[in-house]
Amino acid sequence: MVSQAMPPTIARRPLLYSAIWPSVIPFHSCLCWHLPSKDLQSTYRHAVGLLTQSMLDKKLQTSTENWSKQPQNNSQKDFLSTISDLAIDLRACGQHEKAIWVTEDRIAVLRGVAALMDPTKFEPLLGEALHGHAVCLDLCGRNTDALEPGQEALEIRHRLALSNPQLFNTDLATTLHSVVCDLNACDLQIDALPYLGGLITVRRKSAEQDPDKHEYPLHGLLYHYATQLAEFGRYFEAKEKSKEAVEVARRLADKDASLVTELANALSQYSCYLWPRPGLEAEAIKPGLECIIVRRRLVEAYPRGNFTLANALYNAAKAFTVCDRYEEAIPLAQEGIEIYWEIVSEDPTQFPEQAAAQLYWTYAAALGCVGRDEEAVAALKETLGICESGTDGSGRYLDDTHQVADDLLKELMVV
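Anchor point for the sequence shown: position 92 equals 361 in the working numbering, and the numbering is continuous, going up by one each time.
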């Protein structure tokens with residue numbers, strides 16, 4: 270067996286990785302492949318480059334002899350099997366460009382055979398071949414070129430899933446994910462949203478049938494989809510998907526305590542999508558407070574996770590502030606600031622300056638709203654100091670925070 274390192278393109282796509290690239294890839298065990306012509310033999314040598322030359326020569330000779338002895342009606346099946354296996358081995362050996370040639374040949378043969386026989390019988394194979402071709406193009410960084418075969422594979426697999434969802438939904442989900450990744454790689458994120466929504470629909474149906482297997486990936490997709498929707502200003506939709514992500518994460522955490530982090534992340538996201546939206550501010554408080562409870566439990570087990578607790582405290586404090594519940598916001602923001610100083614005293618790089626500035630700003634605003642002006646002024650000066658010394662690449666964000674903090678400070682100083 271040959272252990273292969275995960276290629277960088279796949280490393281950025283964990284779902285695709287789990288579907289197409291096992292951590293340990295067995296070299297194909299079929300030693301007597303039936304080569305349809307000598308044209309494939311040079312490419313075949315690259316695919317088995319890890320074998321010794323003598324072993325390779327014997328394998329090629331045996332394969333050619335076996336091919337010549339096969340009945341004619343088996344030739345198409347053998348050819349398709351050969352080039353499918355060959356593409357897999359080429360990919361396993363990192364020969365992605367050569368795998369592209371082989372997958373192109375496989376698609377051409379399948380189209381030709383389908384034209385002569387019943388096309389519907391060959392649709393599963395053609396869908397698989399087109400998807401594999403798109404993956405090979407991805408691995409070579411040719412994401413734009415991968416879109417066309419990926420789209421065709423998607424159309425085929427969608428038809429198949431409609432007729433037999435139990436058999437073909439997994440294939441459909443795999444291709445949907447691949448198309449989403451290709452569109453994102455081409456900076457077409459907004460075009461990817463419908464496909465991401467379709468992927469969630471498929472995963473949701475699968476989770477209904479087998480929650481133990483499919484709810485975890487469903488949660489991740491919902492969380493990501495909510496993030497993408499929010500980036501394009503579609504906050505109401507983002508809120509709904511984030512709420513569903515919380516529900517799924519809660520079920521996961523009830524079954525497996527190690528997945529409590531997913532619940533905390535989902536609660537944090539949900540609260541963040543609520544408090545900035547007019548009319549929804551009050552709804553942010555409950556998930557915000559629950560997130561703090563979950564984060565405290567996690568910090569007890571893993572103290573280095575203190576930053577995430579500080580972030581949860583900030584979100585809840587912000588939710589109380591926008592609801593004019595300043596007295597309840599103050600202790601939360603104050604605790605977050607205490608955590609900030611605890612962390613930066615050991616390693617300043619572990620607490621982003623923009624997060625620290627926002628904590629102090631929220632604390633100062635709440636203090637100012639309840640008449641604790643002296644404390645508010647001190648907090649605003651800390652905010653300004655963080656903004657002015659910012660070195661973490663958040664220049665524009667810190668500039669904006671600096672401006673509003675400076676304006677409030679001048680107002681309080683005048684009073």
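Here a beta-carbon is modelled for each residue, glycine too, at the ideal position from N, C-alpha and C.
DSSP on residue i, reduced to helix/strand/coil?
i: residue 448; result: helix
i: residue 433; result: coil
i: residue 763; result: With the chain represented from 270 up to 684, any question about residue 763 goes unanswered, as that position is not in the structure.
i: residue 544; result: coil
i: residue 336; result: Any reading at residue 336 must be qualified, since the residue scores a pLDDT of 39, below 50, and its modelled position is unreliable; no value is offered.
i: residue 455; result: coil
i: residue 594; result: coil
i: residue 566; result: helix
i: residue 479; result: coil
i: residue 549; result: coil
i: residue 411; result: coil
i: residue 616; result: coil
The alpha helix (DSSP H) with residue i in it runs from where to where?
i: residue 589; result: 575-591
i: residue 505; result: 504-524
i: residue 620; result: Where residue 620 is concerned, there is no enclosing alpha helix (DSSP H), given that its DSSP letter is neither H nor E.
i: residue 408; result: 388-408
i: residue 646; result: 642-657
i: residue 639; result: No alpha helix (DSSP H) contains residue 639, which DSSP labels as neither H nor E.
Determine the contact status of residue i and residue j, defining contact as a CB-CB distance below 8 Å.
i: residue 464; j: residue 504; result: no
i: residue 584; j: residue 614; result: no
i: residue 403; j: residue 379; result: no
i: residue 510; j: residue 491; result: yes
i: residue 582; j: residue 611; result: no
i: residue 606; j: residue 636; result: no
i: residue 531; j: residue 551; result: no
i: residue 497; j: residue 458; result: yes
i: residue 568; j: residue 529; result: no
i: residue 633; j: residue 618; result: no
i: residue 415; j: residue 451; result: yes
i: residue 588; j: residue 554; result: yes
i: residue 484; j: residue 520; result: yes
i: residue 656; j: residue 626; result: yes
i: residue 461; j: residue 471; result: no
i: residue 538; j: residue 495; result: yes
Under the assumption that residue i contacts residue j (Cβ atoms under 8 Å), give the Cβ distance between them as a whole number of angstroms.
i: residue 533; j: residue 514; result: In fact, because the Cβ distance is near 12 Å, the residues do not count as touching under 8 Å.
i: residue 579; j: residue 608; result: 4 Å
i: residue 474; j: residue 434; result: 7 Å
i: residue 406; j: residue 369; result: 6 Å
i: residue 639; j: residue 595; result: 5 Å
message: Is it the case that the stretch 408-426 contacts the stretch 443-454, given that we only count it when at least three CB pairs across the two stretches are under 8 Å?
response: yes
query: Looking at C-beta atoms only, is the number of pairs between the stretch 495-502 and the stretch 546-553 that lie closer than 8 Å three or more?
result: The stretch 495-502 vs the stretch 546-553: no contact.
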